[in-house]
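So the protein sequences, as listed, match chains D and H. Residue 125 in the working numbering is what sits at position 125 of the first sequence, and the numbering runs on without skipping anything. Position in the second sequence counted from 1, then plus 1000, gives you the working numbering. Beta carbons: idealized from backbone N, C-alpha and C, even for Gly.
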Amino acid sequence: MERRALRRFQRNRGAVVGLVIVAGLLAFAAIGPLLAGHDPNTSDFAAARDGLGGPGGPSRAHPLGLDPLFRDLASRLAHGARVSLLVGLVATAVSVSVGAVVGMVSGWAADGRAGFVDSALMRLVDVGLSFPYLLLVMAIGTALGDVTIVTILLVLGLTSWFGTARIVRSKTLQVRSLDFVVASRALGQPSWAVLLRHVLPNVAGPLIVIASASVAQMIIAESVLAYLQVGLPPPTATWGRMLQEGQRYYTVAPRLAVAPGLCIFLGVLGFNLLGEGVRDALDPKET
Amino acid sequence: MRSIPRRPEATRLGVAILGVALATVACEADVAAPLGPRREVPPTQGGVLRSAFFTDVRSLDAATAFDTASAVIEGLIYDQLVTYDRHGKLSPQLAESIEVSPDGLRYTFTLRRGVLFHDGAPLGADDVKRSVERTLHPDTPCPVPSYYERIVGWGEYHEGRAPELTGVRVESEHVVSFQLAQPDATFLHVMALPIMAPVCESAGRTWTREFSRRACGAGPYRLVRFEHGDAVEVERHDGYWQSGKPYVDRIVWYLAMQPFTQRFKFERGDLDYIRELGEADSLLYRRSAAWQGLGEWEQPLSTFGVFMNAELRPFDNRHVRRAVAFALDRDQLAQVRPGHVAPTGRMTPDAIAPEAVRDVGQRHDLDRALEEMRLAGLAWDPATRTGGWPEEIEYLAILDSFGQQAGELLQQQLARIGLRVRIQLVGFPTYLARTGRRRTVPMGSVGWNADYPEPSTFFEPILTSRAIQDEESQNASFFSNAELDALLARARVTTDEAERGRLYRRAEEIVRDEAPWAVAYSYRYFELWQPYLHGYRPHPVLQQDVRFAWLDRGARPARAGLFPWRRRSGRTTLALATVLP
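Okay, structure coming up:
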């Protein structure tokens, strides 16, 4: 089945494009800072302004030119890629993990003696889903004041698991009524063992799809926080902050805003295409 | 979840996106043409004038509001006994005449007849006394009470030991006098501040927070609406004492609007006047032939820098403060916003600095900075990057201000002497609250705009012991120096200009040597207005004084339209339409 899924993935042009984009961004994040060769937070005042009075344009020393504080733009983009992808991937891991645990526990407890657990968790999910996500993230980010990458990860991860929990609960309800699961319970296997050995593998497919789409959401969320300046403090290079810093020069040096904007766009596009490709490959009946 | 688009749609989408990106990059820098013709029209009433701040306005209570944004709006709502004319000279406003006794101790103001407050009540001498006492009341968080300490009875009244300010006397219905204990060369200047504006009786005899939302004075405009983070709206006061004025029906000042947004709204005709242009945009407008005569640099009457809290470590050590002052490379800051930022190492701006102080100031010297760190016991070795102050230092800056950019450069510069800075960004009201609270913020961006065209305004309200309060302190450095206090007090009572010059020179030397601030730069804005806005030019003293501007409503177009770039004053190469699928 895995080979069939792999073949379906390979035949899906959009999925392959998404994979290429994601791989490219990961490579950019991994080796881009080394290739760029400049400290992203150090200004080079030896470089001149351009003829329109904006920060210096592309040159041999600085292939993408300089930002408003005379820092190498390529270096900042590459370091920003590390931040965005790290936040996207780790926050997604947190979100998917919490959502999976809550969903499985809730689905397993439903309609049984511990049904109140299911009710309580699903009411919590309802409350969580009723909040506008970005507003909730912004409010927490502002309230925290002193923001580090760990707080960003946790804030994003712990405020975005609600939808995952609902989907996993639904899948758990399906799986637990299957014969082999019923048999396992009848043979006296403890609940945690049944969840780990039988339920989790059957919800892994949807979780992978959710995860790959969720990374795109996290990249956007982190960029929004940075754009609104409630994310990581300066001078940390993040795509969202670079977009915010570059907008005042849009008329004289649009590359300052276009470059980070393009990176955000590619990140979101790549992970969305990848996620859709994985979904189509794993469960073609749903397409 | 929708399906992946098939190949032709995906290809078109990709080409469209690539085209937009390339078109954007290829877009030539240009500005939209002015809206409508410039006609010479006499002052006429009518219309709505709109502008914007990128900060919020914290308060409109004349007794307490003391920031630049509030001062602009207060200038619309309140009139004072005296003000500044178009040449920057003191001139009577609500006072018809001013008499100063030969010994300089008594100022008698004869009020104009027929002046009405916004609530319709006539202005009398007792209103002046009531308003002054409200401002200087012990329960009022007035930011600069020491400006008026020479009024007889100030100490007893301000400390709550007397029920009235005896030095302010109601001589008759329209005559009020101020008796001073000592001559004060700056007295008429401080009487020109909005803090001394007569306010309506509805303000009460003591300060309350609520009055800010229903501010009421005798100025040309009355407050209609004040929503934090949204807008302030004022309308013409029909009972204003200057017949036929003001001209505009209403003025709307939008708050917390980013400069980037202001520029595009200005081009669309949603704003009529703009001051907070980004440096790149102001350069484009200044170079544009179409905008010649519609913009002007303001007079730079401000000084900016970095304050260091002398009550918090490590800045309780003067050698560390001096190290920061030496480490700061002011020329680099100026390169970030050329034309707008001018480096300086002294408190008094060029426009009002006496000759005696012009060669005094802080300067950049990295070797001296390292030496000062060694004297502080925090020697830093640049080769091994060891030593210095072991903890990160919080640096408070206003969100999206030049202080933020300066902070990021300061981080690099201070790292060279072993000081690690962590930037904390906050909105303007939060910045004022936190920097004014004792033992809260160790370091941050700071700036001061001249209250009046006199050197004392750059020392007394922000660097003297009297300016220190536990809350709402204007002295963010909490710097206290007895010699500075004493010589500033002498300078206030000295009328000999040469002697005052010497005293202010010594004041500059103290700031240079003790470094409560690392003085960095002065900042000026390029102000721009649409051709249909008349009667406005940057004032030499009063910021954004649009009180008596008028609009040529016949020349003002209804709306610029969704695409103002079609009216570009030059050629445009935007090729968006050619790549849309």
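Step through the CB atoms of chain D and report whether any lies within less than 8 angstroms of the CB of Glu1408(H). yes
Identify each residue in the segment 1248-1266 of chain H for which the Cβ-Cβ distance to at least one residue of chain D is less than 7 angstroms, and report them in chain order. Pro1259, Phe1260
Start and end of the alpha helix (DSSP H) containing Phe116(D)? 115-130
Cut-off 6 angstroms between Cβ atoms - residues of its own chain near Asn1317(H), not counting five sequence neighbours on either side: Ala1376
How about Gly1229(H): is its C-beta nearer than 8 angstroms to some C-beta of chain D? no
Could you tell me whether the Cβ of Ala1520(H) comes closer than 8 angstroms to any Cβ of chain D? no
Going by DSSP in three states, Asp1270(H) sits in which element: helix, strand or coil? coil
Pairwise C-alpha distance: Arg1385(H) and Gly1075(H): 52 angstroms
How would you list, in chain order, the residues of chain H whose beta-carbon sits under 9 angstroms from the beta-carbon of Val252(D)? Ala1029, Ala1280, Asp1281, Leu1283, Leu1284
Only counting the same chain, and skipping five residues up and downstream in sequence, which positions put a Cβ closer than 6 angstroms to that of Arg1374(H)? none
So which residues of chain D does Asp1270(H) contact, with C-beta pairs closer than 8 angstroms? Going along chain D, no residue has its Cβ under 8 angstroms from Asp1270(H), so there is no contact; the nearest lies around 18 angstroms.
Can you list, in chain order, the residues of its chain with a C-beta nearer than 6 angstroms to that of Tyr1254(H)? Leave out the 5 residues immediately preceding and following it. Ala1052, Ala1231
Starting from Ala211(D) and walking both ways along the beta strand (DSSP E), at which residues does that stretch end? First-last for Ala211(D): 200-227, but that is the alpha helix (DSSP H), not the beta strand (DSSP E).
Just tell me which of Ala1071(H), Glu1099(H), Ala1218(H) has its CA closest to the CA of Pro1122(H). Ala1218(H)
Thr1108(H) (DSSP reduced to helix, strand or coil): strand
How many Å lie between Thr42(D) and Met1347(H) at the Cα? 29 angstroms
Under 8 angstroms: do the segment 1099-1108 of chain H and the segment 1206-1217 of chain H share three or more Cβ pairs, one atom per stretch? no
Report the residue from Gln1262(H), Arg1553(H), Ile1468(H), Arg1250(H) whose alpha carbon sits nearest the alpha carbon of Thr1055(H). Gln1262(H)
Within 8 angstroms, strictly: CB atoms of Leu273(D) and Val17(D): yes
Could you compute how far the alpha carbon of Ala78(D) sits from the alpha carbon of Gly270(D)? 17 angstroms
Does DSSP put Gln1530(H) in a helix, in a strand, or in coil? coil
Any beta carbon from chain D within less than 8 angstroms of Leu1399(H)'s own beta carbon? yes
On the CB-based measure, 16 or more other CB atoms within 10 Å of its CB, does Glu1159(H) come out buried or exposed? exposed
Under a three-way DSSP split, which group does Asn272(D) fall into? helix
What is the DSSP secondary structure of Arg1039(H), counted as helix, strand or coil? coil
Just to check my reading of the structure: Val1306(H) and Ala1518(H) have Cβ atoms closer than 8 angstroms, yes? What is that Cβ distance to the nearest angstrom? 4 angstroms
What does Arg248(D) touch in chain H if you count any residue whose Cβ is under 7 angstroms from its own? Pro1259, Phe1260, Gly1278, Ala1280
Counting contacts by CB-CB distance shorter than 8 angstroms, is Gln229(D) in contact with chain H? yes
Does Pro234(D) have its Cβ less than 8 angstroms from a Cβ in chain H? yes
Quick one: Cα of Glu1497(H) to Cα of Ile1468(H), how far? 28 angstroms
Buried or exposed for His1174(H), going by 16 or more other Cβ atoms inside 10 Å? buried
List in chain order: all unbroken beta strand (DSSP E) runs of 3+ residues lying wholly within the segment 13-92 of chain D. none
Tell me, which residues are paired with Arg1050(H) by DSSP? Val1252(H)
Since Leu85(D) contacts Leu25(D) with CB under 8 angstroms, what's their CB separation in whole angstroms? 6 angstroms
Could you name the residues of chain H that Leu86(D) contacts, counting a contact when the two beta carbons are closer than 9 angstroms? By Cβ distance, chain H contributes nothing, its closest Cβ being about 20 angstroms from Leu86(D), past 9 angstroms.
Just list the residues that DSSP pairs Val1170(H) with in beta bridges. Val1176(H)
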